[in-house]
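Below is one structure, written out as structure tokens; comments come after it.
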Amino acid sequence: MDFITYEVEGQVGIITINRPKALNALNSKVLEELDAALDAVDQDTIRCLILTGAGEKSFVAGADIGEMSTLTKAEGEAFGKKGNDIFRKLETFPLPVIAAINGFALGGGCELSMSCDIRICSDNAVFGQPEVGLGITPGFGGTQRLARLVSPGMAKQLIYTARNIKADEAYRIGLVNAVYTQEELLPAAKKMAAGIAKNAPIAVRNCKKAMNEGLQVDMDQAIVIEEKLFGDCFETHDQKEGMGAFLEKRKEKTFTNN
Ligand code: CAA
10 MDFITYEVEG QVGIITINRP KALNALNSKV LEELDAALDA VDQDTIRCLI
60 LTGAGEKSFV AGADIGEMST LTKAEGEAFG KKGNDIFRKL ETFPLPVIAA
110 INGFALGGGC ELSMSCDIRI CSDNAVFGQP EVGLGITPGF GGTQRLARLV
160 SPGMAKQLIY TARNIKADEA YRIGLVNAVY TQEELLPAAK KMAAGIAKNA
210 PIAVRNCKKA MNEGLQVDMD QAIVIEEKLF GDCFETHDQK EGMGAFLEKR
260 KEKTFTNN
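If you count the sequence shown from 1, you need to add 9 to reach the working numbering.
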């Protein structure tokens, strides 16, 4: 791959968007490689993913403006669908994904981070949806996910004004869970990922599914989704191991992803 690197550290996979000369902007090739990188993740051994950007300046500075500048209406719609399909794959990916946002997260970059389960950032991070200043709408889920993650009023303000915000404001409005120095960001993401990876993987996956799917429906339907996924855990080895360890007052647990 030219624009994506993938490393494995223990049970954690780290996907890096690697196009630093263009501040990791998302052209079609980057999107296709991200799609292929997700398909290649070994879901039997990997228990958490981290998504970050190469270099010290940018997570992802948006979709590639050069590539978009000549698109027709139909091509624009197709480009939006391409990004949306991949970001939705990421959002519904069975494993938890932590976005380690190490700088600019603008337009498609902010949207990419919002497709991850958890967002943490460095103190130089800048977030925004600058699209209306370019004559377009956010096209990779920004109008939908920002309004769901922060309040609809705040999302509308940020999108209509195209104003960028810094890490401290992103933290204040709940767009990111924590802010670190640049040096601390990746170690913090790895520590969080390791903390997730030590838990029963099927239970973690079912939690992701329950929250993602439950948030799309009303509470009566949502609790039924939870009940089903809760029940499924009782068929697993890892439920027996987790509860057995508690009852036997045993600290060591071996979760096998079964
Ligand atoms: N697309 C294509 N190239 C980009 C880019 C983007 N989104 N963002 C940065 N680059 C390129 C620049 O063109 C420049 O390339 P050259 O060296 O070849 O000229 C290189 O990255 C470095 O950028 P700058 O020189 O501009 O760096 P800077 O530090 O002065 O500014 C910045 C950084 C504020 C992020 C500025 O680059 C910028 O405003 N970028 C565009 C941000 C943006 O508008 N993103 C939204 C895109 S629209 C979108 O994403 C639609 C959607 O929802 C799908």
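For every residue, glycine included, the Cβ atom is placed at its ideal position computed from N, Cα and C.
With 16 other Cβ atoms within 10 Å as the buried cut-off, status of residue i
i, result
"F68", "buried"
"R259", "exposed"
"T61", "buried"
"D48", "exposed"
"G116", "buried"
"F255", "exposed"
"Y169", "exposed"
"N215", "buried"
Beta-bridge pairing of residue i - partner residues as DSSP gives them
i, result
"C57", "V21"
"S131", "Y189"
"S67", "F113"
"E16", "I23"
"G62", "I26"
"G137", "L115"
Check: residue i C-beta below 7 Å from any heavy atom of ligand 2
i, result
"G144", "Looking for ligand 2 in the displayed structure turns up nothing; the ligands present are ligand 1."
Original post:
Quick one: any contact between the region 169-183 and the region 202-213, if contact means 3 or more CB pairs under 8 Å?
Top reply: no
Original post:
Mind pulling the beta strand (DSSP E) runs of 3 or more residues that sit fully within the region 71-120?
Top reply: 106-110, 113-115
**OP:** Could you name each continuous beta strand (DSSP E) segment of 3 residues or more that falls completely within the region 169-229, going from the start of the chain to the end?
**Re:** 187-189
Original post:
Are the region 131-139 and the region 86-103 touching, with three or more C-beta to C-beta distances below 8 Å?
Top reply: no
Subject >> Three-pair Cβ contact test at 8 Å for the region 184-199 versus the region 122-134 >> reply: yes
Original post:
Does the region 214-229 come close enough to the region 159-171 that 3 or more CB-CB pairs lie under 8 Å?
Top reply: no
Original post:
Does the count of Cβ pairs from the region 82-91 and the region 211-223 closer than 8 Å reach three?
Top reply: no
Original post:
Pairing CB atoms from the region 32-42 with CB atoms from the region 17-24, are three or more of them under 8 Å?
Top reply: no
Original post:
Below 8 Å, can you find three or more Cβ-Cβ pairs linking the region 144-155 to the region 105-125?
Top reply: yes
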